[in-house]
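K.L.:
Below you will find the structure I want to go over with you.
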Amino acid sequence: MKKEIVLDDQKVTYTLRTRRNARHIRLSMYPGGEFIVTVPPYVQKSTIETYVHTKSAWVLKHLARLKQLPKPLLRKNSRAEYITHKQAALERVTRRLAYFNQFYNLNIGTVRIKNQKTRWGSCSKKGNLNFNYKIALLPDHLADYIIVHELCHVGQFNHSRNFWNLVGQTIPDYKILRATLKKYQ
Ligand SMILES: [Zn+2]
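Per this note's numbering, residue 296 is the first one in the sequence shown, and the count goes up by one each step.
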């Protein structure tokens, strides 16, 4: 449940989570600025707010820092989230593969969207391509880089100089994008 609280004149949004096995109020913050307050059942709203207020300096300091960092997209992998984004991911990947393959003209196998923890995409020797459903949540330029990367593996099944040259033909700034993408993991 989304809640709002004013700490030191600043409006702060947090997610309130009730957990049966929680023994006390717990505050957690994540890159991107997500702030979660976990509480045991039956804790009063006023108790929660008072507790957060006593920690306000600490909360504000860390939230300010964490807001600068991109959300780590590969962190959560719930089934529900996968179902929610799978179709959008498939549509995006299919559309952009068709677009870039006008240039490369490679023989693409089956394209699938997967719920993977650590990878954005993969390519099999047969040219079947798998993509992480979280590609649906990325900005266009990063999604395109991943799509072209896997597409180029159909032509070059390695990370050789030839492979990177192939990628660079449609994504000239792939080195920067690759570095940016690492920040999302
Ligand atoms: Zn690769």
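Where a beta carbon is used, it is the ideal one built from N, C-alpha and C, also for glycine.
Assuming N402 contacts V443 (C-beta within less than 8 Å), just tell me the rounded distance between them.
P.N.:
The pair is not a contact, with the Cβ atoms about 16 Å apart (cut-off 8 Å).
K.L.:
Report the three-state DSSP secondary structure of I471 (helix, strand or coil).
P.N.:
Looking at I471 - three-state DSSP - the assignment turns out to be helix.
K.L.:
In the structure shown, what three-state DSSP assignment does I343 receive?
P.N.:
Three-state DSSP puts I343 in a helix.
K.L.:
Per DSSP, which one or two residues make a beta bridge with T313?
P.N.:
Bridge partners of T313: V334.
K.L.:
So, is F330 buried or exposed, given that buried needs 16 or more other C-beta atoms within 10 angstroms?
P.N.:
Classification of F330: buried, given that the 10 Å Cβ count is 16 or more.
K.L.:
Among Q305, L476, A431, T465, which residue has its Cα nearest to the Cα of H380?
P.N.:
Measuring from the Cα of H380, the nearest candidate turns out to be A431.
K.L.:
Let's test the definition: count the other Cβ atoms within 10 Å of the Cβ of E386 and tell me whether it reaches 16, buried, or not, exposed.
P.N.:
With fewer than 16 Cβ atoms within 10 Å of its Cβ, E386 is classed as exposed.
K.L.:
Determine the burial state of D435: buried for a count of at least 16 other Cβ atoms within 10 Å of its Cβ, exposed for fewer.
P.N.:
So D435 counts as exposed.
K.L.:
Between the beta-carbon of N410 and the beta-carbon of S417, is there less than 8 Å?
P.N.:
It is not a contact, given that the beta carbons lie outside the stated cut-off.
K.L.:
Using CA atoms only, rank isn't needed, just tell me which of K412, F398, P336, L446 is closest to S419.
P.N.:
Measuring from the Cα of S419, the nearest candidate turns out to be L446.
K.L.:
CB-CB under 7 Å to K414, same chain, minus the five flanking residues each way: which ones, in chain order?
P.N.:
Per the sequence shown, the amino acid found at residue 414 is Arg instead of Lys. So the qualifying residues of the chain are N427.
K.L.:
Drop a sphere of 10 angstroms on the beta-carbon of T465, count the other beta-carbons inside from all chains shown, and report buried for 16 or more, exposed for fewer.
P.N.:
Buried: at least 16 other Cβ atoms inside 10 Å.
K.L.:
Any idea if I471 is buried or exposed, counting beta-carbon neighbours within 10 angstroms, 16 or more meaning buried?
P.N.:
With fewer than 16 Cβ atoms within 10 Å of its Cβ, I471 is classed as exposed.
K.L.:
How far does the alpha helix (DSSP H) with I378 in it extend, from its first residue to its last?
P.N.:
Start and end: 374 to 399.
K.L.:
Looking only at its chain, what residues have a beta carbon closer than 7 Å to the beta carbon of R315, apart from the 5 residues adjacent to it on each side?
P.N.:
If we look at R315 and ignore the five residues flanking it on each side, its Cβ neighbours are P336.
K.L.:
Taking the alpha-carbon of P365 as reference, which of T308, N457, M324 has the nearest alpha-carbon?
P.N.:
Among T308, N457, M324, the Cα nearest to that of P365 belongs to M324.
K.L.:
Using 7 Å as the cut-off, classify the Cβ of H454 as near or not near the heavy atoms of ligand 1, replying yes or no.
P.N.:
Correct: H454 has its Cβ closer than 7 Å to ligand 1.
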